[in-house]
Each structure stands twice: as C-alpha cells, then as structure tokens.
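Residue numbers (my numbering), protein chains in the order written: chain W, 1 to 378; chain R, 379 to 657. Just so you know, even glycine gets a beta-carbon here, dropped at the ideal spot from N, CA and C. Remember, predicted model here, so these are calculated numbers, not experimental data.
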Ligand SMILES: Nc1ncnc2c1ncn2[C@@H]1O[C@H](COP(=O)(O)OP(=O)(O)OP(=O)(O)O)[C@@H](O)[C@H]1O
Ligand SMILES: [Mg+2]
C-alpha cells in the first residue's frame, strides 16, 4: 500500500516537472526551435507507434497499414481545417468542391464555442472515418494468416494513397498538389494550454486509453490471441471480434496521429504517407520493443531526435584545420543512423525495453543495485 | 433414466481422400467419465476437433446439451469423393466456431500442450474467464466494471488454490515443470466454467506416480466442479481405473464400446490395440 502511494507521488512529481518544462519551452520557443519541432514530431510518432504496437505487439497481427490510416486522419483534418479565405489559394488548380466551401462557411459563422473546439472535432472525425474503414476492411483481411495480412494491409495503405492523389478527387484532396495552409495546433482550455503543448496532451490522453485497454480483460484476450490463436479460441475468445476491436482502435489512433501530423507539417501530400512512413514507424516499434508501450514512446523520441537533430552534424562539411573530412555531406547522417540502428538491434535483440514496461519499482531497484555495488567497492 | 450430455451421430471426417473418422456414434452420459482409446493415428484427436468445432465434419451431427452444435453432409467437392460408411446424408448445415462452443459449456485441453507461454500462470487462467465477461470494451477499459473484474481475479485465485498452483501464480507458464503445465491447462479449461471437460492425452509423458496423481485429480475435480469428463488416453491403467464407458477407435472406425471390463476382453480390441502393445 505504502509502495503504491510512494509510486503515485513520484509519478505526480515527474508529470509536474514535465509540464513545467513544456511551459518553459513554450516561453522560450524561439530559441529552441529544433527542440520543439523534434519533441512534437516525436510525440506524434509515439502515438502511431503505440497504436501499431497494440496491433502487432499485443494482438500478434502483423499489419503494415499504419500510413494508410494516418492519411485518412490527416486528409480529413486538413480538409476540414483549411481556413475558408485560403481555399482558393490552396485549390488554385482545380477549384474546391462547392460542398466543402459551403460547409466551411457554415462553420465560420457558427457560435464561437463550436469554432474553438472544431479542430478537435476534425481530429475525432478523422479517427472515426479511419475506424469505420478499418471495420469494413477488417472483415476481409483479418481472416488472413500473418504474412498475408501484412501484404494485404500494405496494399490497402497504397490504395488509400492512390485514391487521395487521384484526379477524380481533385476538388476534395487537391490530387497530386497536396494540401497546405493547414492551421497549426489549436490551444486548449481557452488558452490555458498553449498550442505548443496541445499535441502532448492529446497524445497522452490517447496513450493512457491504450494502456488502460491493454490492462483490461480485453487487452488480456488480445495477448492470448498473440500467444496462441487456437488455444485462445478454445478458451471462448471470439477471434474475429477481438481482432477487429484491436484493428479498429489501432486505426482510430493512427488517424488521430495523422491529423496531428497534418497540423504539425502545415502541408501534406499523398506522398507523405507512402510505405516508407509505415517502415519508419515499424522501426520505432522494433527498436522500442515489440509489446512494450514504454519502449515505443522512448524509441519514438530517440529515433526522431537522432534522425532529425543529433546527427545533423554529419550532413555539414567538416574542416579539421584545413583538411576537409571526407564523407561529411548531405545524406551521410542517414548512413550513420543506419549503422547506429544495427548496433542497437545487435545489443538489444528484443528492443530497448523488450516486453517490459516502465515502473518505479524497477528503476528504484536498479538505482539501489548500482549504489550498493559502488558502496561495495569502497 | 440416463441423461445424455453429448451425442455424435454418424460423424465422418474426411481430409481429401483420407477418412480419419468414420461413422462415429458416441453418447456421453452426464456425470460420468467416458474414454476414447485407440492406436496412434486412429482418429481420436480428430474426433475431439470435430466435437469442439475446430473442424466441420464431412457428415453427421453433434448434439450438446440438447442443442445441435454441428451438422453437415457431403456437399460440392466432398459429395464426389465422400468415402464414409454412412451414406444417407443429413440435410442441414450447422456451424459453430470453437469459441461459441466453449461458451456453451465445453472446454478442452490439447495433446501437445498449448498454454499462453509468455504469460504467467495467473494470467493463463484469468484469460479463460474473459469469455463470460459482461462489460464491453469501453466499460472494461475505463474500469467501470470493478466488481466483475474483482470477481474474475478472486475466482482465478481460488481456482489456482484449488488445483495447487497458487505458489506458482506469477511464474511464466512455460517455465513450469511438465506435469504442472498439464495441470495448468486443465485449470485454464475449468476457468471457462464447463459442463463437459475434454482431455486429450492428459497423462502423456508422465511417469506412473504422476499418472496416479492425475487420476485422483481428475476424479476430484469431476466431483467438485460437477463435470462430465471425456478423455483420450494411452495409459491403460488410468483409463481402466477411472472410466465408466470406453469407446475404441481403429483406423477411424469404432471397433468396440462398453465398460472397462467388457472392452478389455473384446477380441477385436485385443487384436487391434492391446495386441499391438504386447508385440
Ligand atoms: N488436418 C488434417 N489434414 C489431413 N489429415 C489429417 C488432419 N488431421 C488429422 N489427419 C489424419 O487423420 C488421422 C488421425 O489423426 P489423429 O490425430 O486424429 O489421430 P489420434 O488418434 O489422435 O492419434 P495419436 O494417438 O497419435 O494422437 C491421421 O492419419 C492424420 O494424419
Ligand atoms: Mg491425438
């Protein structure tokens, strides 16, 4: 009992510190542009990684459709949020569908309260649309065995992308021109939470939901399916129903992350959501540990920071004295990144966290162990 | 009057050209222990798979607790190649997935143990309680079904205590010694709250002492959980000791049925089965 209370206390302290840090970052965002951008992208990818992990790591369904569902969320959010006065600029080639314009006029003239929460409604709609798509598609693909499922979902993701960039939908998705002028993150709670912090809050809520789900009886049923489908079915678990649940929920949150990504990037095109994106996320999941939420989150930040920030240095020409170090030029960073990845995978065969989760008890045990070892030396 | 819990009528299971089970007619009496024996490859596991919904039979009907849970007749391609003995076909098609049949009150274990290997002993049993959950996904996620969840945990604890695995509750199930894994698989099946328990070679790989213990264990749980038991077994001592009725399969066909004494002295059985053992 005491231990639980102590752990709660630690958690509250750390969360408070994190919030303080985020507010500090918000106040000093101009000097810390790179940090803000890496953290925001990291937290968005963390959500996709966790939702992919729910499917691949906890339910044992090897699906590669994440990018497709993200694009559904991103496009829905973008189309709904591009300000009405920017429509002509964005859709300058083909014009915008009159229904979209009319809808936007309606939103623009609705009560202020609706306008304030409308970005969140847009995110939610994107999520629901993706969930609906997953429910339909799931009927067909969830009966497939693992390798076939991977191929089917990959194909599906490409189909979604093809639809978004097809000329038939020019007036909605702006075809191959993509969408821009997407507004940045909205503030929350009437400005109490500044827009910079919004993605962190939204993602935290989503991940907490997924963690609770995994801990619930349904989450246990998912794990049973991962361990042994035949045994799970013999224990009365309806395979199709539970796989669908996992697939739908995973797609929903991927789409939410997709919507956030649209707000983060401010402009999207169908190419953004190609297979490469799914692979990047798969990489985050594998590095973090298949079957560990903590791992996915940590790894999302580490991978994003390494790729976009810490290794930038390798892309610049480097002079030592008057000697220019060879290889240091644009693109070299990705070589280093790949080598680092290989090293990480060789050292941590099951990812940084394996299937373990964060817990205070584990950390404190580690610290004590270290201290006693140091003490022993003296 | 005797009460029949499970009945199979003219069950034939044909894979391609191979008739694995041919015209199987079984009646399992409530509160009794019935055994299914026969040499390797006789079709015993296949019969279990048909009864529990894993396979759809090529022909025949399975009735459980007065409900037809599976029925089929040779259709389309099977119609041409059907090679079973019983030719007057049934006319209906009834299909139930294994999970549905489990929820109706039939639970099984597997010949080659199928535990949730990476999960703990406790989780293995707890998961089996999920099949009767009332709360939906959202209620369960938001922990609005505290009472139900608490009951599930409590029942699991009690069940583990009952089968003597409470000391191992937090161990990974695959790290248990073999005999305990078998026991855990039975406990997991019991957690689904079955009326009928199907055991596929529960004593496989056990030494005589462990087999003896198992035999006691089966009798015990049968009484305390009000079970009817249907088991496949090769250990003749165990079978003769605990069974009320025995069916003998050979090459898919039922070659004998009756009490242990009757079956033991049946010449066909001695020839097909016990004879092979002695040779
Ligand atoms: N899915 C399947 N496809 C094709 N043939 C099968 C299939 N399942 C079982 N068989 C065949 O059916 C026959 C009976 O197999 P089954 O496993 O039921 O035997 P068994 O009586 O349980 O034997 P054992 O004592 O070795 O467990 C075997 O010849 C087997 O090869
Ligand atoms: Mg068998």
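Near ligand 2: residue i beta-carbon under 7 Å from a heavy atom
{"i": "residue 559 of chain R", "result": "no"}
{"i": "residue 610 of chain R", "result": "yes"}
{"i": "residue 423 of chain R", "result": "yes"}
{"i": "residue 489 of chain R", "result": "yes"}
{"i": "residue 409 of chain R", "result": "no"}
{"i": "residue 628 of chain R", "result": "no"}
{"i": "residue 578 of chain R", "result": "yes"}
Residues that residue i bridges to, as DSSP identifies them
{"i": "residue 624 of chain R", "result": "R/413 and R/636"}
{"i": "residue 584 of chain R", "result": "In DSSP, residue 584 of chain R forms no bridge with anything."}
{"i": "residue 574 of chain R", "result": "R/484 and R/606"}
{"i": "residue 498 of chain R", "result": "R/550"}
{"i": "residue 440 of chain R", "result": "R/386 and R/448"}
{"i": "residue 393 of chain R", "result": "R/396"}
{"i": "residue 631 of chain R", "result": "R/628"}
{"i": "residue 405 of chain R", "result": "R/385"}
{"i": "residue 323 of chain W", "result": "W/320"}
{"i": "residue 179 of chain W", "result": "W/268"}
{"i": "residue 13 of chain W", "result": "The partner list for residue 13 of chain W (beta bridge, DSSP) is empty, contrary to what the question assumes."}
Near ligand 1: residue i beta-carbon under 7 Å from a heavy atom
{"i": "residue 420 of chain R", "result": "yes"}
{"i": "residue 647 of chain R", "result": "no"}
{"i": "residue 413 of chain R", "result": "no"}
{"i": "residue 396 of chain R", "result": "yes"}
{"i": "residue 431 of chain R", "result": "no"}
{"i": "residue 438 of chain R", "result": "no"}
{"i": "residue 462 of chain R", "result": "no"}
{"i": "residue 583 of chain R", "result": "no"}
{"i": "residue 393 of chain R", "result": "yes"}
{"i": "residue 178 of chain W", "result": "no"}
{"i": "residue 416 of chain R", "result": "yes"}
8 Å Cβ cutoff met for residue i and residue j
{"i": "residue 97 of chain W", "j": "residue 160 of chain W", "result": "no"}
{"i": "residue 156 of chain W", "j": "residue 255 of chain W", "result": "no"}
{"i": "residue 383 of chain R", "j": "residue 623 of chain R", "result": "no"}
{"i": "residue 449 of chain R", "j": "residue 426 of chain R", "result": "no"}
{"i": "residue 615 of chain R", "j": "residue 562 of chain R", "result": "no"}
{"i": "residue 201 of chain W", "j": "residue 193 of chain W", "result": "yes"}
{"i": "residue 42 of chain W", "j": "residue 313 of chain W", "result": "no"}
{"i": "residue 547 of chain R", "j": "residue 498 of chain R", "result": "yes"}
{"i": "residue 290 of chain W", "j": "residue 351 of chain W", "result": "yes"}
{"i": "residue 146 of chain W", "j": "residue 62 of chain W", "result": "yes"}
{"i": "residue 432 of chain R", "j": "residue 388 of chain R", "result": "no"}
{"i": "residue 69 of chain W", "j": "residue 258 of chain W", "result": "yes"}
{"i": "residue 46 of chain W", "j": "residue 203 of chain W", "result": "yes"}
{"i": "residue 424 of chain R", "j": "residue 385 of chain R", "result": "no"}
{"i": "residue 610 of chain R", "j": "residue 593 of chain R", "result": "no"}
{"i": "residue 252 of chain W", "j": "residue 74 of chain W", "result": "no"}
{"i": "residue 125 of chain W", "j": "residue 267 of chain W", "result": "no"}
Residues near residue i by beta carbon distance below 8 Å, same chain, minus five either side
{"i": "residue 144 of chain W", "result": "152"}
{"i": "residue 13 of chain W", "result": "none"}
{"i": "residue 378 of chain W", "result": "Confidence at residue 378 of chain W is low in this model, with a pLDDT of 44, below 50, so the placement of that residue should be treated as unreliable; the coordinate-derived value is given next. Closer than 8 Å at Cβ, skipping near neighbours: no residue."}
{"i": "residue 154 of chain W", "result": "64, 65, 275 and 278"}
{"i": "residue 515 of chain R", "result": "none"}
{"i": "residue 116 of chain W", "result": "186 and 190"}
{"i": "residue 657 of chain R", "result": "Model confidence at residue 657 of chain R stands at a pLDDT of 40, short of 50, so the residue's coordinates are unreliable; what they give is reported in the following sentence. Excluding residues within five positions, none has a Cβ falling inside 8 Å."}
Sequence-distant residues of the same chain with beta carbon closer than 7 Å to residue i, five excluded per side
{"i": "residue 50 of chain W", "result": "207, 210, 293, 296 and 297"}
{"i": "residue 360 of chain W", "result": "7 and 10"}
{"i": "residue 583 of chain R", "result": "556"}
{"i": "residue 105 of chain W", "result": "84"}
{"i": "residue 460 of chain W", "result": "In the structure displayed, chain W extends from 1 to 378; residue 460 of chain W sits before or after that span and is not available."}
{"i": "residue 603 of chain R", "result": "568"}
{"i": "residue 22 of chain W", "result": "197 and 200"}
{"i": "residue 543 of chain R", "result": "499, 558, 561, 562 and 565"}
Cut-off 6 Å between Cβ atoms - residues of its own chain near residue i, not counting five sequence neighbours on either side
{"i": "residue 250 of chain W", "result": "51, 54 and 55"}
{"i": "residue 121 of chain W", "result": "none"}
{"i": "residue 232 of chain W", "result": "224 and 225"}
{"i": "residue 655 of chain R", "result": "With a pLDDT of 48 at residue 655 of chain R, under the threshold of 50, the modelled position of this residue cannot be trusted, and the question is left open."}
{"i": "residue 476 of chain R", "result": "430, 431 and 432"}
{"i": "residue 618 of chain R", "result": "638"}
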